[in-house]
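Q:
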Amino acid sequence: MGAKENTFLDIYEKYKFLMFSIAMDVLQDKFAAEDAIQNAFLKIMNNCDKIDDLESKRTKRLIITITKNSAIDIYRKRNILWNREIEIEKIVEFPKEDFQVSEENDRFYAIEILPEKYKEILLLKYSAGFSNGEIAEILDISEVNVRKRLSRAKKQLECNIKMEGVEQYE
Amino acid sequence: MNKKDGLYEYISEYDEQLMDKISAHIEDKYSVTEEFDQKMKKICMQKKSKRSKYHLKIATAMVGTFIVLVGTGIVTNAATDGKVADAMRKFLGITTVTEEVQELIGKEVIDDGVLEVEEDIVNENNLIDDGQKQEKVFAESKIVESAEKSGVIPTSIQDVQVKGGTTPEIIMTNGAMAVFYQKDYSGWKCETGEELVFEYEKYASDVTDEQNIIVGYILDGVMYEGEAYKDLSGNCRMNIEKEGEYYIYVVSATSDYVTLKAGTIHVEK
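Those protein sequence lines, which keep their order, are chains A and B. If you count the first sequence from 1, position 148 lands on 370 in my numbering, and the numbers rise without skipping. If you count the second sequence from 1, position 260 lands on 963 in my numbering, and the numbers rise without skipping.
(1) With 8 angstroms as the limit, tell me which residues of the segment 228 to 242 of chain A have their beta carbon closer than that to any beta carbon of chain B; keep them in chain order.
(2) For my contact list, Lys279 of chain A and Asp718 of chain B are in at a C-beta cut-off of 8 angstroms; report their separation, rounded to the angstrom.
(3) Within the same chain, show all residues whose beta-carbon is closer than 6 angstroms to that of Asn915 of chain B, passing over the 5 residues directly before and after it, in chain order.
(4) Cutting at 7 angstroms between CB atoms, please list the residues of its own chain near Lys236 of chain A, excluding the five before and the five after it.
(5) To the nearest whole angstrom, what separates the beta carbons of Ser292 of chain A and Ala262 of chain A, a pair I think is in contact under 8 angstroms?
(6) Measuring alpha carbon to alpha carbon, tell me which residue in B:Gly919, B:Lys866, B:Glu712 is nearest Lys852 of chain B.
(7) Which of the three DSSP states, helix, strand or coil, is assigned to Asn367 of chain A?
(8) Between Ile259 of chain A and Ala245 of chain A, how many whole angstroms is the CB-CB distance? I'm expecting something under 8 angstroms.
(9) When you check each C-beta in the segment 343 to 371 of chain A against every C-beta of chain B, which residues fall closer than 7 angstroms?
(10) Taking a Cβ distance cut-off of 8 angstroms, strictly less, list which residues of the segment 275 to 306 of chain A are near chain B, in chain order.
(11) Would you report the Cα separation of Cys270 of chain A and Ser243 of chain A, rounded to the nearest angstrom?
(12) With 9 angstroms as the C-beta to C-beta threshold (strictly closer), list the residues of the segment 716 to 729 of chain B near chain A in chain order.
(13) In three-state DSSP terms, what is Tyr906 of chain B?
(14) For chain B, find out if any of its Cβ atoms is closer than 8 angstroms to the Cβ of Glu256 of chain A; answer yes or no.
(15) Just the chain B side, please: which residues come within less than 9 angstroms of Gln260 of chain A by C-beta, in chain order?
(16) Could you check if Tyr960 of chain B belongs to the surroundings of the ligand SAM, using beta carbon to heavy atom distance under 7 angstroms?
(17) What do you get for Thr281 of chain A, buried or exposed, if any count of 16 or more other CB atoms within 10 angstroms of its CB means buried?
(18) Could you name the residues of chain B that Ile333 of chain A contacts, counting a contact when the two beta carbons are closer than 8 angstroms?
(19) Excluding sequence positions up to five away, which residues of its chain have a Cβ less than 8 angstroms from the Cβ of Lys252 of chain A?
(20) Using only the alpha-carbon positions, how far apart do Phe739 of chain B and Lys272 of chain A sit?
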């Protein structure tokens with residue numbers, strides 16, 4: 223990894239509060255959040271070859287995605303255990319409503335209202351610049367699934383843009 | 704701007720805004736517990752990074768494959784103080800015990816560094832070439848040129864001078880080999896039927912009861928297979944079946960630091 227310069231400890235020190243915030247927002251439980259961070263960090267270590275610059279948007283996106291998904295995994299397991307209905311879309315609204323975009327005045331509304339899994343894959347691909355193969359590793363899905371999901375996400379985004387009258391991106 | 708570029712720009716801009724908001728959001732909101740923080744730091748320091756480029760599996764056998772830690776921060780247990788870590792960064796392989804490294808005696812090694820395979824020992828199939836690695840490591844010594852068995856090759860070699868029959872105190876990392884010699888790189892001249900004896904004593908380890916070392920001999924530049932010695936002190940006796948000039952070597956086969964106290968080498972008739 224870029225861990226020639228950045229050790230795992232550097233990554234942890236830099237991002238521990240971010241990871242904890244994300245995990246807490248999903249799980250609302252300190253101990254479960256700590257479990258999520260631990261699981262996430264092990265996965266980050268296995269994806270360390272994707273980390274070049276500790277400060278980069280790409281690194282931050284990788285850490286956010288892995289932590290969030292790790293927290294969701296724990297949330298799912300706990301709810302299955304308690305036999306509860308799971309509505310993932312409601313639990314992954316991070317950041318929370320206190321600074322979400324609004325329909326009236328934000329040109330990013332079209333992307334904000336995308337289903338979480340579409341938003342996530344678009345951010346990994348078009349903001350962080352991960353390849354389909356890398357995204358497959360990060361999300362634990364096949365490359366075929368990555369391609370399908372990306373295609374659907376783009377279609378949905380275009381649809382949202384047209385529906386909401388948001389400025390076209392082309 | 705085409706549609707694809709526009710998509711990158713649009714989503715990237717959104718992500719930047721999102722991240723700014725996230726950064727503002729986490730300020731002082733949560734803090735991890737001290738206990739969890741320590742646990743995570745330990746995990747960070749213990750875990751080695753994946754070297755995906757070469758897809759090499761790293762053998763951890765006695766001497767193992769020729770893997771060199773390059774540019775690593777090898778640090779010791781988080782429970783120990785910073786001096787230990789600083790000391791360890793100063794060497795890999797073997798060094799005589801000095802004030803700078805004496806804090807490492809008996810300590811556990813925790814490696815948070817990057818494992819790198821030196822590219823000049825990797826063949827066209829991205830596998831380590833035994834011949835090349837042997838040639839490279841043996842070039843570090845003026846005494847040993849080859850091994851009787853190709854499977855046992857140290858990670859590094861250092862020739863260590865013995866004065867007045869007494870070996871110096873040395874501290875070793877895993878896979879490192881010390882070759883003892885006398886003045887002017889001479890060895891110990893032995894006749895058939897004699898015994899070459901190395902009396903050793905190790906410093907006790909804080910972390911393990913078994914600090915394996917391998918002790919063997921070198922004759923005519925060839926390193927012969929040695930024997931493992933677990934005990935804290937002992938005599939390694941080599942029966943001489945062929946007259947010649949012998950050298951004794953010691954390889955650390957312990958993952959933590961092994962430190963040998965001053966020992967002796969002599970020939971018994």
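Where is the CB? At the ideal position from N, CA and C, for every residue including glycine.
A: On the basis of the coordinates in this document:
(1) Residues Thr229, Phe230, Leu231, Ile233, Tyr234, Lys238, Phe239, Leu240, Phe242.
(2) Taking the first sequence and counting its residues from 1, one reaches residue 279 of chain A at position 57. Taking the second sequence and counting its residues from 1, one reaches residue 718 of chain B at position 15. About 7 angstroms separates the two Cβ atoms, so the contact holds.
(3) Taking the first residue of the second sequence as position 1, residue 915 of chain B is located at position 212. Counting only Cβ-Cβ distances below 6 angstroms, and skipping sequence neighbours, we find Ala931, Lys933, Ala956, Thr957.
(4) By one-based count along the first sequence, residue 236 of chain A stands at place 14. Same-chain partners within the cutoff: Leu276.
(5) In the first sequence, the residue the question calls residue 292 of chain A occupies position 70. In the first sequence, the residue the question calls residue 262 of chain A occupies position 40. 4 angstroms between Cβ atoms; contact.
(6) Against the second sequence, residue 852 of chain B aligns to sequence position 149. The shortest Cα separation from Lys852 of chain B among B:Gly919, B:Lys866, B:Glu712 belongs to B:Gly919.
(7) Residue 367 of chain A sits at position 145 when you count from the first residue of the first sequence. Of the three classes helix, strand and coil, the one that applies to Asn367 of chain A here is helix, per DSSP.
(8) By one-based count along the first sequence, residue 259 of chain A stands at place 37. By one-based count along the first sequence, residue 245 of chain A stands at place 23. Indeed, because the Cβ distance is near 6 angstroms, the residues count as touching under 8 angstroms.
(9) In summary, the residues of the segment 343 to 371 of chain A whose CB is separated from some CB of chain B by less than 7 angstroms are Leu344, Leu345, Tyr348, Ser349, in the order they occur in the chain.
(10) Lys279, Lys282, Arg283, Ile286
(11) The count along the first sequence starts at 1 and reaches residue 270 of chain A at position 48. The count along the first sequence starts at 1 and reaches residue 243 of chain A at position 21. Taking the straight line from one Cα to the other gives about 22 angstroms.
(12) Glu716, Tyr717, Asp718, Glu719, Gln720, Leu721, Met722, Lys724, Ile725, Ser726, Ala727, His728, Ile729
(13) Within the second sequence, the letter at position 203 stands for residue 906 of chain B. If DSSP states are grouped into helix, strand and coil, Tyr906 of chain B belongs with coil.
(14) Here residue 256 of chain A corresponds to residue number 34 of the first sequence, with the count starting at 1. Chain B contact via Cβ: present.
(15) One-based indexing of the first sequence puts residue 260 of chain A at position 38. Result: Phe739, Lys742, Met743, Ile746.
(16) Annotation note on the ligand SAM: not contained in the displayed structure, which lists no ligands.
(17) In the first sequence, the residue the question calls residue 281 of chain A occupies position 59. Flag for Thr281 of chain A reads buried.
(18) On the first sequence, position 111 is the one that residue 333 of chain A refers to. Simply Tyr713, Ile714, Tyr717.
(19) On the first sequence, position 30 is the one that residue 252 of chain A refers to. A distance below 8 angstroms between beta-carbons, with the five flanking residues on each side excluded, links Lys252 of chain A to the following residues of its chain, in chain order: Met246.
(20) Residue numbering aside, residue 739 of chain B sits at position 36 when the second sequence is read from its first letter. Residue numbering aside, residue 272 of chain A sits at position 50 when the first sequence is read from its first letter. It is roughly 26 angstroms from the alpha-carbon of Phe739 of chain B to the alpha-carbon of Lys272 of chain A.
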